[in-house]
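Chains as they are written, first to last, in the working numbering: chain A, 5 to 263; chain B, 5 to 263.
2 protein chains.
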Amino acid sequence: VGELIFVGLGLAGTKDLTLRALDAVRHARTVFAEFYTSHLVGATHSQLERELDKRIVLLARDEVESGAERILDAAAQHRTAFVTAGDPMTATTHQDLRIRALRRGIPVRIVHGVSIQVAAAGAAGLHSYKFGRTTTLVFPQPNFNPASPYETVRDNRARGLHTLVLLDLRADEGRYMSAAQGIEVLLGHEQQRRESVVTPDTELVALARVGADDQRVVWGPAKRLREADLGPPLHCLIVPGELHFSEREALELVAAPRV
Amino acid sequence: VGELIFVGLGLAGTKDLTLRALDAVRHARTVFAEFYTSHLVGATHSQLERELDKRIVLLARDEVESGAERILDAAAQHRTAFVTAGDPMTATTHQDLRIRALRRGIPVRIVHGVSIQVAAAGAAGLHSYKFGRTTTLVFPQPNFNPASPYETVRDNRARGLHTLVLLDLRADEGRYMSAAQGIEVLLGHEQQRRESVVTPDTELVALARVGADDQRVVWGPAKRLREADLGPPLHCLIVPGELHFSEREALELVAAPRV
Numbered sequence: 005v006g007e008l009i010f011v012g013l014g015l016a017g018t019k020d021l022t023l024r025a026l027d028a029v030r031h032a033r034t035v036f037a038e039f040y041t042s043h044l045v046g047a048t049h050s051q052l053e054r055e056l057d058k059r060i061v062l063l064a065r066d067e068v069e070s071g072a073e074r075i076l077d078a079a080a081q082h083r084t085a086f087v088t089a090g091d092p093m094t095a096t097t098h099q100d101l102r103i104r105a106l107r108r109g110i111p112v113r114i115v116h117g118v119s120i121q122v123a124a125a126g127a128a129g130l131h132s133y134k135f136g137r138t139t140t141l142v143f144p145q146p147n148f149n150p151a152s153p154y155e156t157v158r159d160n161r162a163r164g165l166h167t168l169v170l171l172d173l174r175a176d177e178g179r180y181m182s183a184a185q186g187i188e189v190l191l192g193h194e195q196q197r198r199e200s201v202v203t204p205d206t207e208l209v210a211l212a213r214v215g216a217d218d219q220r221v222v223w224g225p226a227k228r229l230r231e232a233d234l235g236p237p238l239h240c241l242i243v244p245g246e247l248h249f250s251e252r253e254a255l256e257l258v259a260a261p262r263v
Numbered sequence: 005v006g007e008l009i010f011v012g013l014g015l016a017g018t019k020d021l022t023l024r025a026l027d028a029v030r031h032a033r034t035v036f037a038e039f040y041t042s043h044l045v046g047a048t049h050s051q052l053e054r055e056l057d058k059r060i061v062l063l064a065r066d067e068v069e070s071g072a073e074r075i076l077d078a079a080a081q082h083r084t085a086f087v088t089a090g091d092p093m094t095a096t097t098h099q100d101l102r103i104r105a106l107r108r109g110i111p112v113r114i115v116h117g118v119s120i121q122v123a124a125a126g127a128a129g130l131h132s133y134k135f136g137r138t139t140t141l142v143f144p145q146p147n148f149n150p151a152s153p154y155e156t157v158r159d160n161r162a163r164g165l166h167t168l169v170l171l172d173l174r175a176d177e178g179r180y181m182s183a184a185q186g187i188e189v190l191l192g193h194e195q196q197r198r199e200s201v202v203t204p205d206t207e208l209v210a211l212a213r214v215g216a217d218d219q220r221v222v223w224g225p226a227k228r229l230r231e232a233d234l235g236p237p238l239h240c241l242i243v244p245g246e247l248h249f250s251e252r253e254a255l256e257l258v259a260a261p262r263v
C-alpha cells in the first residue's frame, strides 16, 4: 500500500528544507510539486531537483484542482511526496487533496514547513499574538474585485490587531503582485468605502523575500511606500493595528531606512 | 565583529531543523538555548547536542529576561546562535533581545522555524485563513486568572473565526498544561462570565505533539474531551468558529476516532 506525504519547503531557496522533509522526499518513489498557490523564493525547479537528488514532476494548476487523479493513483500504489512552498497545509486545495486521499483509504502524512504566516510578523518585529485574521489580495478584474480583504483589515484594526496581507500570484502567467500594487488595491477600496481603513497616510509595513538573504522590510505611510521598489517577488504587506512601544522600536531598528 | 543569529528548531525532535538552521548553528562559536517559552517535543538537550555536533549552553529563564548580558557580550565578540523551539520570533522576550542587540550595534539574523501557530490548523484540517487572534492560557493562580483568552475566543467566534489556544508551560518546574486542564480553565471562565463561549457542549479540537510521529488530534464536546488522555506534552486546543463543510469533513477523517 502507498502513502501520500505533503511536504513543505519553507520560504526561500533550498535551505529552508527540514531534515524531515529531505528524508520524506528521498524515500518517495514519485515526487510531485506545484508552485502556483505558493512560490519558493530564489530557487528553480532544477536547483530543487539537484538539492533533493530527485526528479520532481511539476504539476499545472488544473492537475491539482480538478480531481488530482494522477497524484492519488500514484499515492495508492507507492510512497508519493507532494511538495509545495511554505507550509503544505495552508492552501485549501491541499486540504481538499488530503480529504480525497483519506476517503480513498490512502495513508497521509504531513511534513510542516516554515510559513510566511508566522515569519512575516517576526521579520517585522511585531508580536505574533497581536495579529488577527490573515487576508489575501487578488489581482482586480473588471467584474471581480472583492472588498473582503479591506473588511478583514477594518475588523482587525477595530480590535487593535495587525493584519498580514498576502498578495496574489499567478505563477503560470509569471505574475506576482508587488507591495506597491497591493497598496493601490487597498487604496482603491478605501476610495469606494471611505471607512478610513487604509488611507494614503496609514502607516504600513511592506516585506519582500522574507527568509531569504536579501529580505527587505520597509515601513512608512502608504503614499510613500507605494513608490518603493522592493525588487523580485514574493512581497507581502502588514497593516498594523495598535503598535506597542516595543513594536514601534523594533520597526525603527528593523525597517530602517524608513521611507 | 560578532553576530546574533536567532534559530528556530521547529516542533518535534531534531528532524524539524532546516538546512539553514544546521548551517547557522554549526558555524557559530557559541550556541545558547532556552526551552521555557517553548518546548521541543521528544528531544533532550543531549540529543540536540549530538545532532548538531555542538555544545549548547542551556539558559535559565532569568538569564534571557533580565538583561541577557551574557548572550549580548558573546554576540558582540563572535558569531553566536540562540536556539529555541518553534519559530524564534514568536516570543516577545526574543523580540526584546533582538532590539537590545540592534541597539548595541550587533548584527542580527533570523532563521525561521516551523511553528505551532501554522501547523496546528493544518494538522486539524482547518483553513488557516479562518483563524483569528491566537491566545495563550496560563496556569490559574489565587490572584491571577486572566479572562483575556476567554474574551479572545469570544471575539473570534463572534466573527465566525477559529481560535488557536496555546497552553502554559513552566519547563523549569516540569509543568506543562494539558488539553484537559486548558478546557477546565476555559469552562471556569464560562461559569463566571456566562457568555456561552465555551460550554460543556462546545465542540473543541485538542492536539498533542503536533508534527511528531505520535501526534494526536481529537475532536468532540468539551465535556468529553476533558476526559481524554492525550499523553505527554505539548498540547494545544482549537476552539472552532463556523466550520466550513470541508473542514467538518476533514475533522471527521483526521480526528477519528471521535471522542
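Every residue, glycine too, gets a C-beta built ideally from N, C-alpha and C.
Looking only at B:A78, B:L190, B:R197 and B:P236, the smallest Cα-Cα distance to R230 of chain B is reached by B:L190. When Cβ-Cβ separations below 9 angstroms define contact, S132 of chain A makes contact with chain B.
Among the CB atoms of chain B, one or more fall inside 9 angstroms of the CB of R137 of chain A. The segment 134 to 143 of chain B makes contact with the segment 152 to 167 of chain B, as at least three CB pairs between them are under 8 angstroms. By the C-beta criterion, the segment 98 to 111 of chain B is judged not to be in contact with the segment 206 to 215 of chain B, since fewer than 3 inter-stretch pairs fall below 8 angstroms. With respect to chain A, the C-beta atom of G129 of chain B has a partner C-beta closer than 9 angstroms. One finds K19 and D20 in chain B with Cβ atoms closer than 7 angstroms to the Cβ of R24 of chain A, taken in chain order.
Per DSSP, the unbroken beta strand (DSSP E) holding T84 of chain A starts and ends at R83 to T88. The beta carbon of T96 of chain B sits closer than 9 angstroms to some beta carbon of chain A. Comparing C-alpha distances from E253 of chain A to each of B:R107, B:H166 and B:T88 shows the shortest one belongs to B:R107. Using a C-beta cut-off of 8 angstroms, the segment 11 to 30 of chain A makes no contact with the segment 64 to 74 of chain A, since fewer than three inter-stretch Cβ pairs fall below that distance. What E253 of chain A touches in chain B, judged by beta-carbon distance under 8 angstroms, is I103, going in chain order.
Taking C-beta atoms under 8 angstroms as the contact rule, T22 of chain A and V118 of chain B qualify, at a distance of about 7 angstroms.
For D20 of chain A and R197 of chain B, the gap between their C-alpha atoms comes out near 45 angstroms. Judged by DSSP in its simplified three-state form, F249 of chain B adopts helix.
Interface criterion met: the Cβ of A123 of chain A is under 9 angstroms from a Cβ in chain B.
Near chain A, meaning a CB-to-CB distance below 8 angstroms, no residue of the segment 31 to 44 of chain B qualifies.
The C-beta separation of G126 of chain A from I75 of chain B comes to about 18 angstroms, leaving the pair out of contact by the 8 angstroms criterion. What I114 of chain B touches in chain A, judged by beta-carbon distance under 7 angstroms, is G126 and A127, going in chain order. In the displayed model, V5 of chain A falls within coil according to three-state DSSP, outside both helix and strand. About 5 angstroms separates the beta carbon of V112 of chain A from that of L8 of chain A, a gap short enough to meet the 8 angstroms contact definition. Here the segment 29 to 48 of chain A lies against the segment 84 to 96 of chain A, with 3 or more beta-carbon pairs under 8 angstroms apart. Using beta-carbon distances, T84 of chain A does not count as an interface residue toward chain B, since no partner is under 9 angstroms.
For Q99 of chain B, the chain A residues whose C-beta falls within less than 9 angstroms of its own C-beta are G126, G129, L130, H131, S250, E251 and A254, listed in chain order.
Per the DSSP secondary-structure output, I103 of chain A pairs with nothing in a beta bridge. Here the alpha carbons of Q195 of chain A and L141 of chain A stand approximately 16 angstroms from one another.
At a C-beta separation below 8 angstroms, D176 of chain A has no neighbours in chain B, since its nearest C-beta there lies roughly 22 angstroms away. Residues of the segment 161 to 192 of chain B with a C-beta less than 8 angstroms from any C-beta of chain A: R163 and L165, listed in chain order.
Listed in chain order, the non-local C-beta contacts of A78 of chain A below 6 angstroms within the same chain comprise T34 and T84, local neighbours out to five positions each way being set aside. Taking each of A:V202, A:L257, A:R220 and A:A259 in turn and checking the Cα distance to G245 of chain A, the smallest one comes out for A:V202. For D159 of chain B, the neighbours in chain A by C-beta distance under 7 angstroms run, in chain order, R163.
Non-local C-beta neighbours of S132 of chain B in its own chain, meaning closer than 8 angstroms and more than five positions away in sequence, comprise V122, A125 and G126, ordered along the chain. At least one C-beta of chain B is nearer than 9 angstroms to the C-beta of P92 of chain A. The straight-line gap separating the alpha-carbon atoms of V61 of chain B and L171 of chain B is approximately 26 angstroms. Judged by their CB atoms, G129 of chain B and H82 of chain B are not nearer to each other than the 9 angstroms cut-off. Note that the C-beta distance between D205 of chain B and P237 of chain B is not below 9 angstroms.
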